[in-house]
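What follows is one structure encoded as structure tokens, with my remarks underneath.
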Amino acid sequence: MEKPVGIKEIAKLSNTSIGTVDRVINNRTGVAPKTKQRILEVIKQTGYVKNNIASRLKLSAGKKVNIAVVLPHAISGVSYWNLPKNGIKKALSELSDFGVEVDFMDFSSDDKFRYNTIVNKIINHHYDGIITVSLFEEISKRLVDFSNKNDKPLIFIDSKNNAVTKANFVCQNSIKAGEVAARLLYNNIGNNGVYIALTLVDKSEFQGNQKERELGFKNFLQSKNKEIKIHSIVHTIDENLEHNLELQKLMNVEMIKGVFVTNSRSYIFAKFLKEKTYKNVQIIGFDLNQKNIEELKNESIQYLINQKPELQGYQSLMKIFQKITQDDTVSLNIDIPIEIIVKENLQDSNEIL
């Protein structure tokens with residue numbers, strides 16, 4: 001059996017160095033156009049195929065792949081930010097034999113100074129790849145610039161910041177998710193109900209994707225009937241919902257109410273409803289944290305939109321590994337499907353993948 005052609009043979013036949021051939025194979029910069037063309041011609045003539053298995057074995061034999069993961073601090077056991085972290089840990093358990101290591105770092109979602117300090121560390125520490133969120137526009141742009149100039153794969157998860165260009169995002173389309181929420185409630189309530197977009201935040205917490213979801217929610221309802229009024233309420237969770245006079249007034253209206261909780265804290269509103277015994281209220285929220293699941297099971301919440309944060313984390317680490325070790329053409333952008341969860345299909349959605 002004829003021995004497969006390797007990088008050494010390609011370098012010899014094209015009269016270049018092994019390093020130059022490696023750059024061309026992995027589509028990296030720094031090779032003169034004529035030299036690149038010569039190498040590509042030799043690759044075509046010899047039928048060279050990149051050996052992905054050898055690449056993996058080389059990693060396990062010694063070289064490590066160090067990935068920086070920077071996510072907001074998980075405030076509690078039911079915090080949303082535990083979920084993508086769990087997905088990353090699952091991917092890490094599958095890749096540990098291939099020399100993959102992850103350095104987890106966190107910050108408060110309103111602490112720009114702390115996040116900037118971490119980014120400075122990443123830039124100076126020579127990580128091979130980065131997984132983070134695009135909460136702070138200017139810092140995110142600087143991180144993207146660093147990534148592109150130094151050939152370091154970078155993925156932002158959770159939400160897309162349209163101001164941060166030339167970047168990779170693994171997330172759900174927030175506007176479309178808001179439109180889906182609006183359709184579900186409109187199908188049940190129609191033109192004669194009260195519609196509320198409720199955002200439950202922790203102090204000065206970033207609300208980027210929540211605002212886009214609310215925009216999609218409003219746009220859909222307005223497209224159905226311009227007379228529909230959508231009430232927008234932002235409430236900080238350190239204050240009891242009983243103290244929100246606007247919300248109390250709306251809950252006392254006799255008509256059926258549709259409440260869209262734009263983040264993962266719909267269980268807080270569901271609990272509030274039970275304590276006050278309000279009637280004729282339908283709730284749709286986000287994410288399968290344990291408290292939301294409990295309220296869905298007892299039908300205090302009617303719908304949950306699953307943006308699969310565990311899958312976002314899992315896919316981000318897997319895609320970066322593939323980009324580094326296997327195929328430089330791997331796309332680092334993934335549009336996470338909008339999955340609608342009700343009590344009856346909850347069990348089918350327990351697996352993170």
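According to full-length UniProt numbering, the residues represented by the sequence shown are 1 to 353, in order. Glycine included, every Cβ here is placed at the ideal spot set by N, Cα and C.
- Unbroken alpha helix (DSSP H) runs of no fewer than 4 residues, entirely contained in the segment 150 to 212, are found at 174 to 189, following chain order.
- Between Asn191 and Ile256, the alpha-carbon positions lie close to 10 Å from each other.
- From the listed residues Ile175, Leu221, Thr236, Ile230, the smallest Cα separation to Gly208 is found for Ile175.
- For Pro84, the three-state secondary structure derived from DSSP is helix.
- If you draw a straight line from the Cα of Gln326 to the Cα of Thr35, it is about 23 Å long.
- Nearest to Val342 by C-alpha distance, out of His125, Glu294, Thr329, is Glu294.
- Around the beta carbon of Ser331, a 10 Å sphere encloses fewer than 16 other beta carbons of the protein chains shown; the residue is thus reported as exposed.
- Pairing Ile233 with Leu215 gives a Cβ-Cβ distance that is not under 8 Å.
- Within the segment 221 to 306, the runs of alpha helix (DSSP H) at least 4 residues long that lie entirely inside it are, in chain order, 245 to 251, 266 to 276, 290 to 297.
- When the beta-carbon positions are compared, Val24 and Leu40 come within less than 8 Å of each other.
- Look at Gly30 here: in three-state DSSP terms it is coil, with no helix or strand label.
- Excluding the 5 residues flanking it on each side, Gln210 has same chain C-beta neighbours closer than 7 Å at Thr199, Thr262, Asn263, in chain order.
- Sequence-distant Cβ neighbours of Cys171 in its own chain, meaning closer than 7 Å and more than five residues away, are Ile157, Asp158, Ser159, Lys160, Gln312, Ile336.
- In the structure shown, Leu135 falls within a coil segment according to DSSP collapsed to helix, strand and coil.
- Bridge pairing for Asp106: Leu71 [DSSP].
- For Lys121, the closest C-alpha among the options Leu184, Met105, Thr165, Lys297 is that of Met105.
- As a beta-bridge residue in DSSP terms, Gly129 pairs with Ile67.
- Here the C-alpha atom of Leu288 lies approximately 26 Å from the C-alpha atom of Phe136.
- In the three-state reduction of the DSSP assignment, Val100 falls in the strand class, which pools E and B.
- Rounded to whole angstroms, the separation of the alpha carbons of His126 and Phe321 is 16 Å.
- Excluding residues up to 5 positions away in sequence, Ile88, Ala91 lie with their Cβ nearer than 6 Å to the Cβ of Leu317 in the same chain.
- Listed in chain order, the non-local C-beta contacts of Lys152 below 8 Å within the same chain comprise Tyr127, Asp128, Gly129, Ile130, Phe146, local neighbours out to five positions each way being set aside.
- Counting along the chain, the unbroken alpha helix (DSSP H) around Glu9 starts and ends at 7 to 13.
- DSSP places Glu339 inside the beta strand (DSSP E), whose first and last residues are 339 to 341.
- For the pair Val119 and Pro72, the CB atoms are not nearer than the 8 Å cut-off.
- Per DSSP, the beta-bridge partners of Ile334 are Val170.
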